[in-house]
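Visitor: This is the structure I have questions about; it appears just below.
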Amino acid sequence: MNEKQALILTKQKNGKFENKTKDIIKIKKPVLGSEKYIITFKNNKSYTYGKDKVQYFKKPKIIDVSQSVIRMENGNYERWDSALKFGPYIVLFRNGNSYHHLFDNIQIIINVSEENKTKCLVEYYRYIADLIKSQSRHLSIYYNKKLEFIRKDSVAKKFIDKSGIFSYEQKEAPIFPFGVNLSQRQAIINALENQVSLIQGPPGTGKTQTILNIIANLFVQDKTVAIVAGNNSATANIYEKLQNEDIDFITAKLGNKDLQDEFFATDCTIPDVSSWALDDKSNLKFKARLNFLDSQLSQLLRDKNKLAFVQEAIEKLSVERQHFKRHFGVKSVDLRKWSFANKWLISDLLKFLAELEYCSQNKSLSWLVKLSWFYKYRIFKFKDLENINDDLIKGIIGRYYFQKTEELSRQKQFLKASLDRQNFDSLLTEYKELSLRIFKGYISRYYKENGGKKQFHVNSYKNVFPKFLERFPVVLSTTDSIINNKSPHEIFDYLIVDEASQVDLVSGFLAMSCAKNIVAVGDLKQLPHIPAELVNEDIDRVFDVQPGYSYLYHNLLSSLNTVFSGSVPLTLLKEHYRCHPKIIDFCNQKFYGGQLVIMTEAVGEPFKVFKTAPGNHARKPSDDKSLFNQRELDVIENEILNSELSQKRPDLIGIATPYRAQADRARQNFSANKVQIDTVYKYQGREKDTIILSTVSNSLNKFVDDPNLLNVAVSRAKRQFIVVTSGNIFKEQGSNIGDLIRHIEYQSVSDSVFESKTVSIFDCLYADYSDVLKDFSKRVKKISKFTSENLMIALLEGILSDERYSSFAYKINYSLNLLVKDFSKFTDREKEFVLHPHSHVDLLLYNKLDKIPFLAIEVDGYQYHDLNDKQSERDECKNTVFKKLGIRLLRFSTTGSGEREKLEDAINSYLVAIPKSQEEKIHS
Numbered sequence: 005m006n007e008k009q010a011l012i013l014t015k016q017k018n019g020k021f022e023n024k025t026k027d028i029i030k031i032k033k034p035v036l037g038s039e040k041y042i043i044t045f046k047n048n049k050s051y052t053y054g055k056d057k058v059q060y061f062k063k064p065k066i067i068d069v070s071q072s073v074i075r076m077e078n079g080n081y082e083r084w085d086s087a088l089k090f091g092p093y094i095v096l097f098r099n100g101n102s103y104h105h106l107f108d109n110i111q112i113i114i115n116v117s118e119e120n121k122t123k124c125l126v127e128y129y130r131y132i133a134d135l136i137k138s139q140s141r142h143l144s145i146y147y148n149k150k151l152e153f154i155r156k157d158s159v160a161k162k163f164i165d166k167s168g169i170f171s172y173e174q175k176e177a178p179i180f181p182f183g184v185n186l187s188q189r190q191a192i193i194n195a196l197e198n199q200v201s202l203i204q205g206p207p208g209t210g211k212t213q214t215i216l217n218i219i220a221n222l223f224v225q226d227k228t229v230a231i232v233a234g235n236n237s238a239t240a241n242i243y244e245k246l247q248n249e250d251i252d253f254i255t256a257k258l259g260n261k262d263l264q265d266e267f268f269a270t271d272c273t274i275p276d277v278s279s280w281a282l283d284d285k286s287n288l289k290f291k292a293r294l295n296f297l298d299s300q301l302s303q304l305l306r307d308k309n310k311l312a313f314v315q316e317a318i319e320k321l322s323v324e325r326q327h328f329k330r331h332f333g334v335k336s337v338d339l340r341k342w343s344f345a346n347k348w349l350i351s352d353l354l355k356f357l358a359e360l361e362y363c364s365q366n367k368s369l370s371w372l373v374k375l376s377w378f379y380k381y382r383i384f385k386f387k388d389l390e391n392i393n394d395d396l397i398k399g400i401i402g403r404y405y406f407q408k409t410e411e412l413s414r415q416k417q418f419l420k421a422s423l424d425r426q427n428f429d430s431l432l433t434e435y436k437e438l439s440l441r442i443f444k445g446y447i448s449r450y451y452k453e454n455g456g457k458k459q460f461h462v463n464s465y466k467n468v469f470p471k472f473l474e475r476f477p478v479v480l481s482t483t484d485s486i487i488n489n490k491s492p493h494e495i496f497d498y499l500i501v502d503e504a505s506q507v508d509l510v511s512g513f514l515a516m517s518c519a520k521n522i523v524a525v526g527d528l529k530q531l532p533h534i535p536a537e538l539v540n541e542d543i544d545r546v547f548d549v550q551p552g553y554s555y556l557y558h559n560l561l562s563s564l565n566t567v568f569s570g571s572v573p574l575t576l577l578k579e580h581y582r583c584h585p586k587i588i589d590f591c592n593q594k595f596y597g598g599q600l601v602i603m604t605e606a607v608g609e610p611f612k613v614f615k616t617a618p619g620n621h622a623r624k625p626s627d628d629k630s631l632f633n634q635r636e637l638d639v640i641e642n643e644i645l646n647s648e649l650s651q652k653r654p655d656l657i658g659i660a661t662p663y664r665a666q667a668d669r670a671r672q673n674f675s676a677n678k679v680q681i682d683t684v685y686k687y688q689g690r691e692k693d694t695i696i697l698s699t700v701s702n703s704l705n706k707f708v709d710d711p712n713l714l715n716v717a718v719s720r721a722k723r724q725f726i727v728v729t730s731g732n733i734f735k736e737q738g739s740n741i742g743d744l745i746r747h748i749e750y751q752s753v754s755d756s757v758f759e760s761k762t763v764s765i766f767d768c769l770y771a772d773y774s775d776v777l778k779d780f781s782k783r784v785k786k787i788s789k790f791t792s793e794n795l796m797i798a799l800l801e802g803i804l805s806d807e808r809y810s811s812f813a814y815k816i817n818y819s820l821n822l823l824v825k826d827f828s829k830f831t832d833r834e835k836e837f838v839l840h841p842h843s844h845v846d847l848l849l850y851n852k853l854d855k856i857p858f859l860a861i862e863v864d865g866y867q868y869h870d871l872n873d874k875q876s877e878r879d880e881c882k883n884t885v886f887k888k889l890g891i892r893l894l895r896f897s898t899t900g901s902g903e904r905e906k907l908e909d910a911i912n913s914y915l916v917a918i919p920k921s922q923e924e925k926i927h928s
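Just so it is clear: in the sequence shown, position 408 is 412 by the working numbering, and no numbers are missing.
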């Protein structure tokens, strides 16, 4: 019979069914009342078979295998000419021969490399690989020889299609054998539940710890994992951590040819891990205890973060309080001298302050106000309140700082006591140890089942790659080598990419073709990969590359974030454990939107700034495009190293610079000191107690002022950060280095380094006060004016959400008497106006790093301002005050138009235009 139309299997003496289709010319199915098949073979002999000894199928389903390989029952991958599905069987045809298999016992692997979308993207990356082969020859080879087959179930296919992302239900609670915090826990859960997951790991937030926990959970789920990075140092760090727990034998350290030779030359014998074994009863007991601890620790981890927030608030309040004292020197008011209340709540204090300011516009307090204050605040003595003046207002603000500090200190003590009482540290340690015990117990069981003396060789391990992965379920490599570390058709269950923001898309796509799922870990706010100079925008235009896939404008992490925007989880690791709070606070405010939870404690003053005398001290070495600055090196040697080396070991100090020539010159100058010196690019991933940053350039340029470069440089310093920069570099708005200097000056309260005419914004005070003012304004202002202010606030928030304005924030209804410290240039009327408690500005924009205001906004109601002579005089007085303060005052009428354009133009006028640098971007 025709094998393309029917499948007839008969049972043999050995009990197995054989395909006899091509030997049969006729088959008669059992008729009613009969249990027998009658089969006639080619020799015209007919035989009778019982129903249980024949399997007969017709009307097959055609399966297209022209672009596929099939993973056979023995693990080999084979190509076939065609395939038909008969019931539970598949019949495969090749060279005139046919073979049948149970469909569930084989795996059809579809090749998508010839699909149009895939071909277009691969050709684009292949062209770039060929273009830069003088730098990375192996990439060109891999694109031309290794990408003939791209599996449909690879994450590379999902990357191309931008859809169809899987999610997975986790049957058991995750384990955390390497420790955990709140955001790491969520990142690990997201990684296990999603085919594509992204982890944003700012400096010091435990990216490696997170990756190790993901590895542990995937191992106990019998998943194979490839851990890759752009260089070997990142994966070496992961290997070292596994080695510390004696678990390194589950990994294969592969990569380029030399690393492979080195790995296969080592002894691959599985150590005796029988002592790690857990019987089923113990395993269940440990898991039950782990689940119990998990439910307890979830809340305790939140409390731990709350404690960190409170500690940070205390530090910020302390700095702000010192600024308040330094500028105004007004003593705190003792409220008990005119109130029965022994202690006022902060909320009552601020409500009273708002009412006091409002009542200051009247000559005297009405009996209704007095009655209200007696009822609400227990005030009995009104003599001191009849004259509501500037000192009274500031005295109450001083009281706020005193009470707020006390309140936060009580919260801190309560949270610490609560965590201690519930044995948080002990429970977290038990949680980690229990997770590690379960993990090691599973390792013991796994190698008992998959153990034995299995030796593999560098030239043949790919031929038995499934067996190799049984022995080494975790493979360490680089993004550009992993495709050469496996057999052609086999892929890993998971790909974990460390430092994914430094991985280019040409090597990144190769890696994505090697796995079914991906976890990309990196930091979009740190230094990305530098595109090869040979690649330009013309190539993107020629290949019509869609946004998100460009080699020129994206690294692997930013590309995945763009391509899968909103459809895959992006988890921010928040808890920071490395730097002095004031050091990382700069990065937190400037680059991470204040989302980091700073878990370190403040010890000592962390900042120093050394400015060289103004002048053109930067020079270019002969035949080099880089820069060096001998004047800055002299400052480092004479004013910094001599004192720092007397207190610290040389290996705890690092000198970082954007320019390679400066690093080279510094090594020559300071070779005897054994201080580590390198470019900022090379420092990414490292840390030192003290970092000395030499900016080199005579003036600001986009290279030196690059936000990612500055983020890396600052966040390398654990305890002290020292800036050596040109005296030509000033604190222009919109300059990242300028913001760093602003931050350092603001935090260094004891030094009189401020040059501004105005006082820094009191951020902590107004964070609490703003809500009180909003609520109070609703009750006392006309609805129309309050609504217009809200509209302006909404407009302003929309504008400030742009990354260009990440340094800026605003306050509502800010008191003028908190802005001025020097009245020498003001007239008596202007001074009176400023000091009047009721004098405010509707909106005040300021730089978050030093809290110095630069733009004021007034929303003027037509009826109240244009048609009111008394108010017009006040407006003119306010205009003059802000002019003398050097702060632009922008007025918007409620009857005007074009507000957004005017506001954006005003803000943009403060941004410095930083020229592009023609100097070399040194990263090697």
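By construction, the Cβ of each residue, glycine as well, lies at the ideal position given by its N, Cα and C atoms.
Since the structure is predicted, the reported quantities are computational estimates derived from the model, not experimental observations.
1) Taking 8 Å as the threshold (beta carbon to beta carbon), is P585 in contact with chain D?
2) To the nearest angstrom, how far is it from the Cα of I169 to the Cα of A519?
3) Secondary structure at R653, three-state DSSP: helix, strand or coil?
4) Check each candidate in G183, P207, I219 and G205 and name the one with the smallest Cα separation from L196.
5) Of the residues K89, L389, S336 and E359, which one's Cα is nearest the Cα of W342?
6) Thinking Y850 and G738 are a contact (beta carbons under 8 Å), I'd like their distance in whole angstroms, please.
7) Taking three-plus beta-carbon pairs below 8 Å as touching, is the stretch 428-448 in contact with the stretch 328-343?
8) Is the stretch 57-77 touching the stretch 110-117, taking contact as three or more C-beta pairs under 8 Å?
9) For a test of the three-state rule: what should DSSP assign to Q365, helix, strand or coil?
10) Determine the DSSP secondary structure at L509, reduced to helix, strand or coil.
11) Pick from K466, I602, E880 and L637: whose alpha carbon is nearest that of D668?
12) State the Cα-Cα distance for the pair M935 and K62, rounded to the nearest angstrom.
13) Would you call A721 buried or exposed, if buried means 16 or more other Cβ atoms sit within 10 Å of its Cβ?
14) Using a Cβ-Cβ cutoff of less than 7 Å, which residues in the same chain neighbour G445 once the five nearest sequence positions on both sides are dropped?
15) Go through its chain and collect everything with a Cβ distance to K123's Cβ below 8 Å, but skip five positions before and after it.
16) How about the stretch 652-667 and the stretch 685-700: do they share at least three Cβ pairs that are nearer than 8 Å?
17) Determine the DSSP secondary structure at S322, reduced to helix, strand or coil.
18) The beta strand (DSSP E) spanning N712 covers which residue range?
19) Taking 6 Å as the limit between beta carbons, can you name the residues of its chain near K65, skipping five residues before and five after?
20) Mind checking whether I911 and A860 have CB atoms under 8 Å apart?
21) With distances taken from CA atoms, which of R833, K380 and I856 is nearest K347?
22) Among the residues of its own chain, which have a CB less than 7 Å from the CB of I383, if the five just before and after it don't count?
23) Just to confirm, is the Cβ distance from Y404 to L354 under 8 Å?
24) Looking only at its own chain, which residues have a Cβ that is under 7 Å from the Cβ of D352, when we skip the five neighbours before and after it?
25) Of the residues G402, K57 and R449, which one's Cα is nearest the Cα of N18?
26) So within the stretch 195-252, which uninterrupted alpha helix (DSSP H) runs reach at least 4 residues, ignoring any that extend past its ends?
27) Which residues in the same chain as T884 place their Cβ atom closer than 7 Å to its Cβ, once the five residues preceding and following it in sequence are excluded?
28) Where DSSP assigns a beta bridge to N559, which residues make up the other side?
29) Is T14 helix, strand or coil by DSSP?
30) Across the stretch 132-146 and the stretch 538-551, are there enough close Cβ pairs to call them in contact, namely three or more that are closer than 8 Å?
31) Going by DSSP in three states, N705 sits in which element: helix, strand or coil?
32) Whole alpha helix (DSSP H) runs in the stretch 367-416 with 4 or more residues, listed along the chain?
33) If you reduce the DSSP assignment to three classes, tell me which class Q688 lands in.
34) Locate the beta strand (DSSP E) running through R448, then write down its first and last residues.
35) Which same chain residues, not among the five before or five after K320, have their C-beta less than 7 Å away from its C-beta?
36) What's the gap between the Cα of L576 and the Cα of K374?
Guide: In this structure, then:
1) Among the chains of the structure shown, chain D does not appear; only one protein chain is present.
2) Their Cα atoms are separated by approximately 14 Å.
3) If DSSP states are grouped into helix, strand and coil, R653 belongs with coil.
4) Put simply, of G183, P207, I219 and G205 the residue whose alpha carbon is nearest the alpha carbon of L196 is I219.
5) Out of K89, L389, S336 and E359, L389 has the C-alpha closest to the C-alpha of W342.
6) The C-beta separation of Y850 from G738 comes to about 14 Å, leaving the pair out of contact by the 8 Å criterion.
7) Short answer: they don't touch.
8) Judged by pairs of C-beta atoms under 8 Å, the stretch 57-77 touches the stretch 110-117, as three or more such pairs exist.
9) Residue state, collapsed to three classes: coil.
10) Residue state, collapsed to three classes: helix.
11) Out of K466, I602, E880 and L637, L637 has the C-alpha closest to the C-alpha of D668.
12) Here the chain comprises residues numbered 5 to 928, so residue 935 is not present and cannot be evaluated.
13) Looking at its Cβ environment, which holds 16 or more other Cβ atoms inside 10 Å, A721 is buried.
14) Excluding the 5 residues flanking it on each side, G445 has same chain C-beta neighbours closer than 7 Å at W280, A281, L282 and N287, in chain order.
15) S117.
16) Segments in contact, yes.
17) Here S322 sits in helix by DSSP.
18) Unbroken run through N712 is the alpha helix (DSSP H), P711 to S719; no beta strand (DSSP E).
19) Same-chain partners within the cutoff: K89.
20) For the pair I911 and A860, the CB atoms are not nearer than the 8 Å cut-off.
21) Measuring C-alpha to C-alpha distances from K347 to each of R833, K380 and I856 identifies K380 as the nearest.
22) The residues are W342, S343 and W377.
23) Result yes, Cβ atoms of Y404 and L354 sit closer than 8 Å.
24) For D352, where only same-chain residues beyond five positions count, the Cβ hits under 7 Å are Y381.
25) For N18, the nearest C-alpha among the options comes from K57.
26) For the stretch 195-252, whole alpha helix (DSSP H) runs of length 4 or above, ordered along the chain, are 211-224 and 236-248.
27) Within the same chain, E834 come within 7 Å of T884 by CB-CB distance, once the 5 residues on both sides are set aside.
28) Beta-bridge pairing links N559 to D508.
29) Here T14 sits in strand by DSSP.
30) Touching, per the Cβ criterion.
31) Coil.
32) As far as the stretch 367-416 is concerned, its whole alpha helix (DSSP H) runs of at least 4 residues are 371-381.
33) In the structure shown, Q688 sits in coil (DSSP, three-state: anything other than H, G, I, E or B).
34) According to the sequence as given, residue 448 is Ser; it is not Arg. It is not in any beta strand (DSSP E) - S448 instead sits in the alpha helix (DSSP H) that spans F428 to E453.
35) C768.
36) Their Cα atoms are separated by approximately 51 Å.
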